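Chains as they are written, first to last, in this note's numbering: chain A, -9 to 583; chain B, -9 to 583.
Input: a single structure, listed below in structure tokens.
Protein chains: 2
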Amino acid sequence: MHTNDKLKALREEMLVHGVDAMIIPTGDPHQNEYLPEHYKSRAWISGFTGSAGTAVVTKDHAGVWTDSRYFLQAEIQFADSEFELHKLVVQGMPEYADWLADTLSPKSVVGFDANVMPLGLVDTLIEKFEAKGILVKTDFEPFGRIWKDRPGLSKEPIFEHDVKYAGRSRQEKISSIRDEMKKCGAEYYLVTALDDIAWLLNLRGRDIECNPVFISYVLFSPEKVYLFIDENKVDAGLRQRLESDNIALKSYDAIRHYVAEIGKDHSILVSPASLSYGLYKNIGTDNIIRKDSPIMHAKSLKNEVEQRHVRNAMVKDGRALTHFFIWLEEALGRGETPTEYELTRKLIEFRSQQEGYYGESFDAIIGYRGNGAIIHYKPEKETAAAVKPEGVLLVDSGGQYNDGTTDITRTIALGPVSNEIKDHYTRVLKGHIAVADVIFPKGTRGIQLDSLARQFLWQKGITYNHGTGHGVGFFLNVHEPPQGIANGLGERGVTVILPTTLTSNEPGYYKKDSHGIRTENLVVCHEVEGNSDFLYFETVTLFPIDKSMIDKDIMSPAETKWLNDYHQRVYQDLAPGLDEKAKKWLEEKCSAL
Amino acid sequence: MHTNDKLKALREEMLVHGVDAMIIPTGDPHQNEYLPEHYKSRAWISGFTGSAGTAVVTKDHAGVWTDSRYFLQAEIQFADSEFELHKLVVQGMPEYADWLADTLSPKSVVGFDANVMPLGLVDTLIEKFEAKGILVKTDFEPFGRIWKDRPGLSKEPIFEHDVKYAGRSRQEKISSIRDEMKKCGAEYYLVTALDDIAWLLNLRGRDIECNPVFISYVLFSPEKVYLFIDENKVDAGLRQRLESDNIALKSYDAIRHYVAEIGKDHSILVSPASLSYGLYKNIGTDNIIRKDSPIMHAKSLKNEVEQRHVRNAMVKDGRALTHFFIWLEEALGRGETPTEYELTRKLIEFRSQQEGYYGESFDAIIGYRGNGAIIHYKPEKETAAAVKPEGVLLVDSGGQYNDGTTDITRTIALGPVSNEIKDHYTRVLKGHIAVADVIFPKGTRGIQLDSLARQFLWQKGITYNHGTGHGVGFFLNVHEPPQGIANGLGERGVTVILPTTLTSNEPGYYKKDSHGIRTENLVVCHEVEGNSDFLYFETVTLFPIDKSMIDKDIMSPAETKWLNDYHQRVYQDLAPGLDEKAKKWLEEKCSAL
Chain A
-9 MHTNDKLKAL REEMLVHGVD AMIIPTGDPH QNEYLPEHYK SRAWISGFTG SAGTAVVTKD
51 HAGVWTDSRY FLQAEIQFAD SEFELHKLVV QGMPEYADWL ADTLSPKSVV GFDANVMPLG
111 LVDTLIEKFE AKGILVKTDF EPFGRIWKDR PGLSKEPIFE HDVKYAGRSR QEKISSIRDE
171 MKKCGAEYYL VTALDDIAWL LNLRGRDIEC NPVFISYVLF SPEKVYLFID ENKVDAGLRQ
231 RLESDNIALK SYDAIRHYVA EIGKDHSILV SPASLSYGLY KNIGTDNIIR KDSPIMHAKS
291 LKNEVEQRHV RNAMVKDGRA LTHFFIWLEE ALGRGETPTE YELTRKLIEF RSQQEGYYGE
351 SFDAIIGYRG NGAIIHYKPE KETAAAVKPE GVLLVDSGGQ YNDGTTDITR TIALGPVSNE
411 IKDHYTRVLK GHIAVADVIF PKGTRGIQLD SLARQFLWQK GITYNHGTGH GVGFFLNVHE
471 PPQGIANGLG ERGVTVILPT TLTSNEPGYY KKDSHGIRTE NLVVCHEVEG NSDFLYFETV
531 TLFPIDKSMI DKDIMSPAET KWLNDYHQRV YQDLAPGLDE KAKKWLEEKC SAL
Chain B
-9 MHTNDKLKAL REEMLVHGVD AMIIPTGDPH QNEYLPEHYK SRAWISGFTG SAGTAVVTKD
51 HAGVWTDSRY FLQAEIQFAD SEFELHKLVV QGMPEYADWL ADTLSPKSVV GFDANVMPLG
111 LVDTLIEKFE AKGILVKTDF EPFGRIWKDR PGLSKEPIFE HDVKYAGRSR QEKISSIRDE
171 MKKCGAEYYL VTALDDIAWL LNLRGRDIEC NPVFISYVLF SPEKVYLFID ENKVDAGLRQ
231 RLESDNIALK SYDAIRHYVA EIGKDHSILV SPASLSYGLY KNIGTDNIIR KDSPIMHAKS
291 LKNEVEQRHV RNAMVKDGRA LTHFFIWLEE ALGRGETPTE YELTRKLIEF RSQQEGYYGE
351 SFDAIIGYRG NGAIIHYKPE KETAAAVKPE GVLLVDSGGQ YNDGTTDITR TIALGPVSNE
411 IKDHYTRVLK GHIAVADVIF PKGTRGIQLD SLARQFLWQK GITYNHGTGH GVGFFLNVHE
471 PPQGIANGLG ERGVTVILPT TLTSNEPGYY KKDSHGIRTE NLVVCHEVEG NSDFLYFETV
531 TLFPIDKSMI DKDIMSPAET KWLNDYHQRV YQDLAPGLDE KAKKWLEEKC SAL
């Protein structure tokens, strides 16, 4: 079906339902970072497949608002359709709403499906439109009718994540969350974030690519915990175990009925970040406590059992990368020129040889030369560049194992590189080490550590246009809120970094059309022994950092020592499971600078 | 009058007016940092003279809530009275309100004078008390009756701050502020912060110790600017000049009438930080735009004329300090042991020999040995320590000149010091240099630079319990919002640092009962030449940093170079106006490390 035909079908629906403009966001009922296929209606209607953007369709206009990462891609994908690109000034802002407010006349009707849009956004839209006398229809969902081959929701069964990995039983977790509910006076708690649910119940699923979660809701009532899910996904044994833990299964859609039935004199806790406006409006009581998810906070603290498993997952991941990079060196040595896309397949192949591998934790970003400078680059089979024994290659990837989630970036030289590249590479490395080696007082926020990572680039009047770190889940989402290391006042910048949290450390530098550099390890935060007012990071990722691009003249003795100590540990931990050839390769990569 | 007799008089007033508990804050109608004598009713009623704290008096209890800086002082000052110390857990929080809410029964009446309390605080109190059924009386002001020898308001004349210093005429400033009013749709603008008024009108006064401001309000109407002031303070010539600039003089108290008369269909801009609840409630329209003061933002940017004068004021201040420290060395050499208090007098003496001196910009903090570790120490004549040729001396002081406001801290060794002190001193210096030498992108906030100053102390698991920097006025308040360098999410932490702002750079370290170390210079922010996306600091304070306590082993080559370059500039700028003896002294202090 051609995009313009889809538009025609949509406009007919709009006419029938009296809608003058439709907003089609990138979203689903849980505000997932990666969308289930079923909810990719913005991509379906517009043909634009980038991960962020909002389509707006009126009688005589069709546009997509997206940010600078996707300008080129959108223009290509709109070439043969009526859709036009609107360039966002500020990433993530609803600038289309201003356009609509200026374009539509009073009494016009704007329609959208508030079930796939977060609470805060819809509140903003309604306020903006009402100020102009524009009417809002929040239950306009035509895709169920016009999208003929729309994929259904996943039917994949869910499965237990054994307590030997999780470290705490679901009963323990439920009980500790009930304590948090008491603290804020909540009798009910509506859990909407899928990774919160997976963590709480020690369950995993396969409903979303790269994220081992399953589509569901959880509702705490004063006596029970209800899990709302397609019941076909739960086998009889698991159902029995859940029921014996006082967890009742209900159909996914029954959540609307259950929250509607909560009486006016009861209080309910909700977390706006993952709650849709549609479900929110269904809640029966006005006594709604809006609060950051207490499960999110509990989940961010990795217990000792989880930490132990994370360290083991890192050994497996490091060995897989060892095999991958040896294969790449040899392939290039044989005169082969594999594409970036083929490299992503090879990574999966090597990771899948490791025990407990479940899948990749995100689509690998493998960028050769100028492609490395495209921060969210995803090599596609048809257009990926061929890699040759020259220039710089950036490899950012991660695996899901039943004992942990990994995320690692290495940048390697495939031949001689310029002094400029060496300077950039070394400054990125110095920033990485500044974070890896920092000691900081309790109460410190991510924004305070961010400048340590950037300071050496700043000296040259350059920086990078992404955060320095994000929280990471345990056999869960690779981007896990709330903590991080970032240069803004968002959640990742202002959240206090707590002991036992797992966070990435990934400064970078990108020169357009030339090269991209990023060095990323994951770190666990701990109290300093003997001085519990202070914290430090344990680097848990294990893989050598390319020494060939280091400008030794600008490394301090302390930085060189950190690198040598790290490499010694990498060798000691990875070598035992490797064959002699790989050991030898690793030994050279881990030799002292 | 004994404190207990004052309490008796207050309780009689409370009985007559049906007030069960009175809150007496540290405040005045403009929320000045330093209070005019007239408004020191909290100190008068309680006998506690610290700069922060709130007294609460009920029928059977009298207490003062203050923070840890003042625990010792308060206990001494309450020794012979009924007052009791309540230790604040968090500095500045209205914890007394929780105590009152817990102690009083419903229908009790809490009274206070909302004319000396900021808008936000009173809103919080009313909400807290009303939730408990406690009534609030916001116009209870008994001190006019019971404080018999209460000082009146200052009668000091105001004077022009010549445009040759200010760089912009009052007409220009008024016109640019009118542009800001237009941007936010304000027809009226009530200016309540005294330094905003002084800056706007290029006027100065002598109503508050150390701050060259005068008690007044300004109101922008659509056609005119009104200055509300005790008209006796304005001489005929100045009045004429103001009137020819379309500025009308009105009596100070007339502000209430003028804001009350603003019609319901008009909008008014107010800045909550300096606005009292009492005056706010008087405003005639509900169309009130609450916003950070646009004058505060304009004032924080120092124009080129101001910058030029600041550099000149720094030369004068540096020469005064040169004479002061030479005098101190010689006095100690003669076997004298001047007290910390005598040193504060000497500083005034040497500064007052400089051209255009107006007074000190704050009460000098001169702390010898363990006194240096008391961050807000103010030596008193009776109790000041005698300084001997041994140990460490911290000298934090500043001057008001008609061409600038200074604020400088130096820590000097008066004899041999321990390796521990050298280590602390050198880490503070490295942090100071990290800020002084940083290059950072536009958009960076103070909280991002703060960790650069602390990183070397953090390495040892130590830090300091104050901000790293505050904005500084131009012949105005030494603490001037909004920007700064701080480790929290308050105004000084989150404000973006703009080119041409003037800020202090003052990391420190304090070991209780042993020593205090702080090294403070003022810095002006500039765009990097040839790369206007990035900024740097120009250090404008000119005085040598004691080299005798530096541990050279932990100084990097770049840090040593910064120090040597700085000292070379100090010598070049200060030497020309000094006699041969002083030149020689300075040359030695500025020699290369």
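Glycine included, every Cβ here is placed at the ideal spot set by N, Cα and C.
These figures come from a predicted structure and were not determined experimentally.
My understanding is that residue i touches residue j, with C-beta atoms under 8 angstroms, so please give their C-beta distance in whole angstroms.
i        : j        : result
A/Arg309 : A/Leu568 : 6 angstroms
A/Thr399 : A/Ala303 : No, A/Thr399 and A/Ala303 are not in contact; Cβ-Cβ is about 17 angstroms, not under 8 angstroms.
B/Asp103 : B/Glu131 : 4 angstroms
Report yes or no: is there a C-beta of chain A within less than 8 angstroms of the C-beta of residue i?
i        : result
B/Gln81  : no
B/Gly451 : yes
B/Ser441 : yes
B/Trp552 : no
B/Ile13  : no
B/Gln344 : no
B/Phe524 : yes
B/Asn277 : no
Can you tell which of the options has its C-alpha closest to the C-alpha of residue i?
i        : options                                 : result
A/His557 : A/Lys163, A/Phe533, A/Ser546            : A/Phe533
B/Ile475 : B/Val468, B/Gly463, B/Pro497            : B/Pro497
B/Leu209 : B/Leu180, B/Arg194, B/Asp541            : B/Leu180
A/Ser290 : A/Cys515, A/Ala(-1), A/Cys580, A/Glu578 : A/Cys515
B/Asp386 : B/Lys368, B/Ala374, B/Ile355, B/Val377  : B/Ile355
B/Ser266 : B/Lys254, B/Arg280, B/Asp255, B/Ser257  : B/Arg280
A/Ser595 : A/Asp393, A/Val79, A/Glu370             : Outside the displayed span of chain A (-9 to 583) sits residue 595 of chain A, for which this structure offers no information.
A/Glu146 : A/Arg194, A/Ser165, A/Glu332, A/Lys172  : A/Arg194
B/Arg160 : B/Leu62, B/Glu326, B/Leu228             : B/Leu228
B/Glu213 : B/Tyr207, B/Gly506, B/Tyr178            : B/Tyr178
A/Pro26  : A/Leu109, A/Arg196, A/Trp189            : A/Arg196
Starting from residue i and walking both ways along the alpha helix (DSSP H), at which residues does that stretch end?
i        : result
A/Tyr248 : 244 to 250
B/Ala426 : 409 to 426
A/Thr334 : 330 to 342
A/Glu294 : 294 to 323
B/Glu528 : Unbroken run through B/Glu528 is the beta strand (DSSP E), 521 to 529; no alpha helix (DSSP H).
B/Thr550 : 547 to 564
A/Thr114 : 109 to 120
A/Ile586 : The requested residue 586 of chain A does not occur in the structure, where chain A is confined to residues -9 to 583.
A/Ser584 : No information on residue 584 of chain A is available, as it lies outside the stretch -9 to 583 that chain A covers here.
Is residue i close to chain B? Criterion is C-beta to C-beta, closer than 8 angstroms.
i        : result
A/Asn455 : no
A/Val513 : no
A/Leu488 : no
A/Phe430 : yes
A/Val477 : First, the amino acid is wrong: residue 477 of chain A is Asn here, not Val. Taking Cβ atoms only, chain B reaches closer than 8 angstroms to A/Asn477, which makes this a yes.
A/Trp448 : yes
A/Ile437 : yes
Apart from the five residues just before and just after residue i, which ones in its own chain have a Cβ nearer than 8 angstroms to its Cβ?
i        : result
A/Lys154 : Val295
B/Asn495 : His422, Val425, Ala426, Ala443, Thr458, Gly459, Ile475, Glu510, Asn511, Leu512, Val513, Phe527, Thr529
A/Asp88  : Lys118
A/Leu111 : Pro15, Pro84, Tyr267
Excluding five sequence neighbours on each side, which residues of the same chain lie with their C-beta closer than 6 angstroms to the C-beta of residue i?
i        : result
A/Asn477 : Asp440
A/Asp220 : Tyr242
Would you give the residue range spanned by the beta strand (DSSP E) that residue i belongs to?
i         : result
A/Asp186  : Looking at the DSSP string, A/Asp186 is not in any beta strand (DSSP E); the run it does join, the alpha helix (DSSP H), is 184 to 191.
B/Asn(-6) : Unbroken run through B/Asn(-6) is the alpha helix (DSSP H), -7 to 6; no beta strand (DSSP E).
A/Trp137  : It is not in any beta strand (DSSP E) - A/Trp137 carries neither H nor E in the DSSP assignment.
A/Ile285  : A/Ile285 -> not in any beta strand (DSSP E); alpha helix (DSSP H) instead, spanning 284 to 290.
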